[in-house]
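>
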Amino acid sequence: MNSAPLSNQSFSRYRFGKTESTKRALTFSLIAHLGLLAFLMIGIQWRSSTPAGVEVELWDAVPQVNTPATPEIKTEAKEEAADIAIKKKKLEKELPKKEPAKEVVKPKPIPPPEKPAVKQADTPKALSPAEVKANAAAEKVRADQLARLRAAAGAEGGSGGTSGSGVGGGGNAPPGWTDKVIKKVKPLIVFNAESVSGNPAAVIKVDLAPDGAILSTSIMTSSGIEAWDRAVLLALSRAQSLPKDDSGKIPQRQVKLTFKPKD
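What follows is the structure, given as structure tokens:
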């Protein structure tokens, strides 16, 4: 009967004692944690702050350079070099200056004499068809005039119809008239005299009108060079007439004219 109240009392004591010990343990744990937290905060602040007023500079060590010792200048060597230079200058002044060698002018080579140019013979120009036609017409007119003049001369008794002979003009013609004929006809001859060898003569018979007009021409004696004969006939055709003598007349109606290329 009394065991039940004893057990209750012992249980209540045990419960009260356990509650007190738990409170004490919690209190000590809280204090320990707070102290640890405060210690950590103080340590962090101490590490983050830099003590003021302290500066440290680091310098690299500079290598020491040994300066070379200045060589001693030998004054004696300098003086000797100066003396040698002065002596050289004196010798150069005393020695006579060599004159520059004169250039030898070489004579120019004499060029070989030029060979004389060989002149080619001028080939006679061929007559054009118009010239041939004109010459034929002129010959016809002269033939008609000659026929009329011969008829008139026959009516007059045939005086003055003798044929002259000689070199350069009529045989019985005055010398002055012969010179006039040559001066008029010769410039009209177109021919290269150097193209022939020798001096061949061409004798031409010329029939004249009373006024000196050339009625006809013919070759009495050929020069042997066809080009020269043709050149003389063409010159007479260009002349158309022969000059009168000093008295104003024609000495002969028919004359023989001799032409040479080199006269």
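Residue numbering for the sequence shown follows the UniProt record's numbering, beginning at 1 and increasing consecutively. Just so it is clear, CB atoms sit at the ideal spot from N, CA and C, and this is done for glycine as well. Just so you know, these numbers come straight off a predicted model, no measurement behind them.
Could you work out which residue in His33, Ser222, Lys262 and Ser218 is closest to Val255 when comparing CA atoms only?
Comparing Cα-Cα distances from Val255 to each of His33, Ser222, Lys262 and Ser218, the minimum goes to Ser218.
> Judging by CA-CA distance, which residue of Leu257, Ile44, Asp179 and Ser195 is the nearest neighbour of Asp246?
Answer by Cα proximity: Asp179.
> Under 7 Å, do Pro200 and Gly224 count as touching if we go by C-beta distance?
In this structure, Gly224 lies closer than 7 Å to Pro200 by Cβ.
> Round the Cβ separation of Pro243 and Val181 to the nearest angstrom and send it over; I've been treating them as touching at under 8 Å.
Indeed, because the Cβ distance is near 7 Å, the residues count as touching under 8 Å.
> Any idea what DSSP makes of Lys87, helix, strand or coil?
Lys87: helix per DSSP, three-state reduction.
> With 16 other CB atoms within 10 Å as the buried threshold, where does Asp207 fall?
By the 10 Å Cβ count, Asp207 comes out buried.
> In this structure, does DSSP put Gly157 in helix, strand or coil?
Legend: pLDDT at Gly157 = 36, less than 50; position of this residue unreliable, value from coordinates given subsequently. Coil.
> Return the CA-CA distance between Glu194 and Ala231, expressed in angstroms with no decimal places.
Cα to Cα, Glu194 sits roughly 15 Å from Ala231.
> Can you tell me which of the three DSSP states Phe259 falls into?
Strand, per DSSP.
> Quick check on DSSP: helix, strand or coil for Ser195?
Reduced to three states, the DSSP call for Ser195 is helix.
> So the beta strand (DSSP E) Val232 belongs to, where does it begin and stop?
It is not in any beta strand (DSSP E) - Val232 instead sits in the alpha helix (DSSP H) that spans Glu226 to Ala239.
> Can you tell me whether Leu208 is helix, strand or coil according to DSSP?
Correct three-state label for Leu208: strand.
> Using only the alpha-carbon positions, how far apart do Lys88 and Ala82 sit?
Rounded to whole angstroms, Lys88 to Ala82 spans 10 Å at the Cα level.
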